[in-house]
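Colleague: This is the structure I have questions about; it appears just below.
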Amino acid sequence: MFRLKENKNILCTLYDREIHATSTPYKLSLNIMCQLIRSKQTFYKCSWTKESLRPIVYDGGLLYFNNHKTSYNIYGFETQPSLTKLTNISGSARIMDVISYTSPVLKMECSCKMQTCTCLSRYIMYITKDNWLVLRNPITGVIFSRVFIKRSDRIFNFQYIDWNVYAKEVILTTKLNPEKELSSIVDVVVNLAVFTTFPLEFKALLEIRRSVFGKTCRHVNVSDQLLILGMNLDWVHIYSFQDVLEYSIFTPYKLGDSYMKGNVGMYPVGLPLNCIPQTVPPLLFDVQSSQQIFHFGGYPFHCVYASTFKHACFVLKQVKENESHKNCFIDSSTTEDESDMIFFHPDNSNRIVLKEDGIVRCFQLVYSSNESKVQEIFSMGFSTVTTQSISTTSFSSFGRQIKKPINPHILNEKCVLAVDYDDELDLIGVLGFYPTDPLSEGFIKLYDSMYGQEVKCIKLNQNLCETNYYELNIDLDVLIIIEKNERNCFKVYLYKLLHFTRIMN
Numbered sequence: 230m231f232r233l234k235e236n237k238n239i240l241c242t243l244y245d246r247e248i249h250a251t252s253t254p255y256k257l258s259l260n261i262m263c264q265l266i267r268s269k270q271t272f273y274k275c276s277w278t279k280e281s282l283r284p285i286v287y288d289g290g291l292l293y294f295n296n297h298k299t300s301y302n303i304y305g306f307e308t309q310p311s312l313t314k315l316t317n318i319s320g321s322a323r324i325m326d327v328i329s330y331t332s333p334v335l336k337m338e339c340s341c342k343m344q345t346c347t348c349l350s351r352y353i354m355y356i357t358k359d360n361w362l363v364l365r366n367p368i369t370g371v372i373f374s375r376v377f378i379k380r381s382d383r384i385f386n387f388q389y390i391d392w393n394v395y396a397k398e399v400i401l402t403t404k405l406n407p408e409k410e411l412s413s414i415v416d417v418v419v420n421l422a423v424f425t426t427f428p429l430e431f432k433a434l435l436e437i438r439r440s441v442f443g444k445t446c447r448h449v450n451v452s453d454q455l456l457i458l459g460m461n462l463d464w465v466h467i468y469s470f471q472d473v474l475e476y477s478i479f480t481p482y483k484l485g486d487s488y489m490k491g492n493v494g495m496y497p498v499g500l501p502l503n504c505i506p507q508t509v510p511p512l513l514f515d516v517q518s519s520q521q522i523f524h525f526g527g528y529p530f531h532c533v534y535a536s537t538f539k540h541a542c543f544v545l546k547q548v549k550e551n552e553s554h555k556n557c558f559i560d561s562s563t564t565e566d567e568s569d570m571i572f573f574h575p576d577n578s579n580r581i582v583l584k585e586d587g588i589v590r591c592f593q594l595v596y597s598s599n600e601s602k603v604q605e606i607f608s609m610g611f612s613t614v615t616t617q618s619i620s621t622t623s624f625s626s627f628g629r630q631i632k633k634p635i636n637p638h639i640l641n642e643k644c645v646l647a648v649d650y651d652d653e654l655d656l657i658g659v660l661g662f663y664p665t666d667p668l669s670e671g672f673i674k675l676y677d678s679m680y681g682q683e684v685k686c687i688k689l690n691q692n693l694c695e696t697n698y699y700e701l702n703i704d705l706d707v708l709i710i711i712e713k714n715e716r717n718c719f720k721v722y723l724y725k726l727l728h729f730t731r732i733m734n
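Note that this note's numbering has the sequence shown beginning at 230, numbered continuously upward.
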């Protein structure tokens, strides 16, 4: 029970409890973990590696191999990951796409008293090739529910699954322009199926048609209750997905309801088409972005995206319509266009993180009524070669000296390969190497997210390759690196935090 301090009323105490301002055992453990990471008596050591010919995915303390058919828990015995009971799936039930969920109470003791745990503190949800949506426990392998998702009056399969709202609603999507059908070979862009979770329940099946949303519609995505349509010339149109469902569902169905001499979600009926958009909802926002990639965040709400007119230039635009409000432009020295180069800081601190070739820059959003500005507050990572003007000297056949200027961007070798943020420790990790090192020996630098101060520099004792793809994940005292080389082979490295006294013992 919480005790009131002097000059503090019950409302303040309840608010402190809501935002976890008071001390708790888990918060105390996090403080101890932060001190251990910052200590000079601790270091990281590679404790486990594994290779795979298929993509390796990390989520919530689990490493998934073989298209999510096998998983390892990174918190095993003696710093070694332990194999879970997620059994292999038959060939006819090949997984097409998968998402996972981990609840905030996962790290608490399970209260399920049954021999086989049936709680939904963690699960994976995937689509199989034979048209089943499966909800399953990745630790025990127990299947919670199965739904037949094939549409009986059309010939197509759902290929992708993703969260609309995390832990609340999922979206199933077909490929662009489904398989050949006389009725929709030109008009229908994709089919979408909407399911809610807790419990798993069918909500709607709808078609996105060009005759309704525009003939130039090429791509469709749903995220955070927004219907995002990719149009021609890099234009993106954004609508309220909730409005689309509210005004277009003509017959609500639930799993198990009678439909066409069968039941919804069961073989062979599948899912009924119960949502047909007839009119376009009000346009919320549109933007012309390079690669049609953008990020929302900040307060008031802003959108940041790559400019279509200038390379390595990003535009910060206020979402609220205001013709007199000036946009902000952020110039970058990067040589590549990547989807995750720039994004809003996950801690909702009105900061923007920009990943360049050699450093990671952090900007503070400064808002005024007339314009939006950014102020660079700190940078992290590995320094690159900077120069004003560089030229090479050669000689012609007549002995005349010839100088050719070199583009400075060519000398800026890409040495920042991956970035990750741990919200519990409030640390930013940067994976890379020093550009002056001919062997490209890898390091991970941990920085304080608030002030940008370097907390720890970890030597990986392995060489990194600029052309390979790397993914960095920080999970408390474990660092996970996933590497994909040019031959599409994957490898994972686990680095555990150890203490010098433990090694001596």
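Idealized CB from N, CA, C, for every residue including glycine.
Please name the residue, chosen from L646, N393, K298 and L405, that lies closest to R365 on a Cα-to-Cα basis.
Modeller: K298
Colleague: Are the stretch 653-660 and the stretch 673-692 touching by the rule of at least three beta carbon pairs closer than 8 Å?
Modeller: yes
Colleague: Find the nearest neighbour of Y528 within the set H574, F272, S350 and I356, judged by alpha-carbon distance.
Modeller: H574
Colleague: Can you determine whether any heavy atom of the ligand ATP sits closer than 7 Å to the C-beta of V533, and answer yes or no?
Modeller: This structure simply doesn't include the ligand ATP, nor any ligand for that matter.
Colleague: Taking the alpha helix (DSSP H) that I328 falls in, what are its first and last residues?
Modeller: Looking at the DSSP string, I328 is not in any alpha helix (DSSP H); the run it does join, the beta strand (DSSP E), is I324 to T331.
Colleague: Name the residue from L362, K602 and P284 whose alpha carbon lies nearest to the alpha carbon of L401.
Modeller: It is L362.
Colleague: Looking at C-alpha atoms only, which residue of I559, P310, T537 and L693 is the closest neighbour of Y520?
Modeller: The question names Tyr, yet the displayed sequence has Gln at residue 520. Nearest option by C-alpha distance: T537.
Colleague: Is there a Cβ of chain B sitting closer than 8 Å to that of F573, yes or no?
Modeller: In the displayed structure, chain B is absent; only one protein chain is listed.
Colleague: Sorted by chain position, which residues of the same chain lie with C-beta nearer than 6 Å to I368's C-beta, five sequence neighbours on each side aside?
Modeller: T313
Colleague: Quick one: grab the DSSP three-state call for S518.
Modeller: Looking at S518 - three-state DSSP - the assignment turns out to be coil, as it is neither helix nor strand.
Colleague: What is the DSSP secondary structure of L474, reduced to helix, strand or coil?
Modeller: helix
Colleague: Quick one: what's got a C-beta closer than 8 Å to Y534's C-beta in the same chain, skipping five residues either side?
Modeller: So the qualifying residues of the chain are V516, S518, S519, I522, F523, H524, F543, V544 and K546.
Colleague: Which of helix, strand or coil does DSSP assign to E712?
Modeller: Correct three-state label for E712: strand.
Colleague: Let me make sure I understand the geometry here. Which of S350, C504 and K379 has the alpha-carbon closest to that of K358?
Modeller: K379
Colleague: Evaluate the contact criterion for the stretch 261-279 versus the stretch 293-311: three or more CB pairs, one atom per stretch, below 8 Å.
Modeller: Three or more pairs of CB atoms, one per stretch, sit closer than 8 Å, so the stretch 261-279 contacts the stretch 293-311.
Colleague: Quick one: is G671 buried, meaning 16 or more other Cβ sit within 10 Å of its Cβ, or exposed?
Modeller: buried
Colleague: Give the range of the alpha helix (DSSP H) segment to which K256 is assigned.
Modeller: P254 to R267
Colleague: Go through its chain and collect everything with a Cβ distance to A541's Cβ below 6 Å, but skip five positions before and after it.
Modeller: S561 and T563
Colleague: Enumerated in chain order, which unbroken segments of the beta strand (DSSP E) with a length of 3 residues or greater are wholly contained in the stretch 570-615?
Modeller: 571-573, 580-584, 588-596 and 601-610
Colleague: Should the stretch 470-485 be regarded as contacting the stretch 425-437, the criterion being three or more beta carbon pairs within less than 8 Å?
Modeller: yes
Colleague: Using the C-alpha atoms, what's the distance from C446 back to F385?
Modeller: 20 Å
Colleague: Who does Q547 pair with in a DSSP beta bridge?
Modeller: H531
Colleague: Kindly give me the distance between the Cβ atoms of V645 and D704, rounded to whole angstroms, as I take these residues to be in contact under 8 Å.
Modeller: Contact annotation, V645 with D704: C-beta distance approximately 21 Å; criterion of less than 8 Å not satisfied.
Colleague: I need the DSSP call for D463, collapsed to helix, strand or coil.
Modeller: Helix at D463.
Colleague: Taking the alpha carbon of V707 as the point to measure from, which residue in R283, Y352 and G289 has its own alpha carbon closest?
Modeller: G289
Colleague: Grab me the residues of L455's own chain with a C-beta within less than 8 Å of its C-beta, minus the 5 sequence neighbours each way, in chain order.
Modeller: I467, Y468, S469, F470 and L513
Colleague: Does the beta-carbon distance from F558 to R283 come in below 8 Å?
Modeller: At least 8 Å separates the beta-carbon of F558 from that of R283.
Colleague: What does the Cβ neighbour count give for L421, buried or exposed, with the cut at 16 atoms within 10 Å?
Modeller: Counting of Cβ neighbours within 10 angstroms places L421 among the buried residues, the total reaching 16 or more.
Colleague: Please classify P667: is it buried, with 16 or more other beta-carbons within 10 angstroms of its beta-carbon, or exposed?
Modeller: exposed
Colleague: Return the CA-CA distance between F611 and D416, expressed in angstroms with no decimal places.
Modeller: 50 Å
Colleague: Relative to the C-alpha of W464, which residue among K555, P497, F272 and G443 is closest?
Modeller: Closest option to W464, Cα to Cα, is G443.
Colleague: From the DSSP secondary-structure annotation, give me the bridge partner or partners of C504.
Modeller: L435 and I478
Colleague: What is the DSSP secondary structure of F662, counted as helix, strand or coil?
Modeller: coil
Colleague: Might you give, ordered along the chain, the residues of its own chain that have their beta carbon closer than 6 Å to the beta carbon of L435, omitting 5 neighbours on each side?
Modeller: L421 and C504
Colleague: In angstroms with no decimal places, state the Cα-to-Cα distance between L292 and E475.
Modeller: 39 Å
Colleague: For F729 and Q604, what's the separation of their Cα atoms in angstroms?
Modeller: 41 Å
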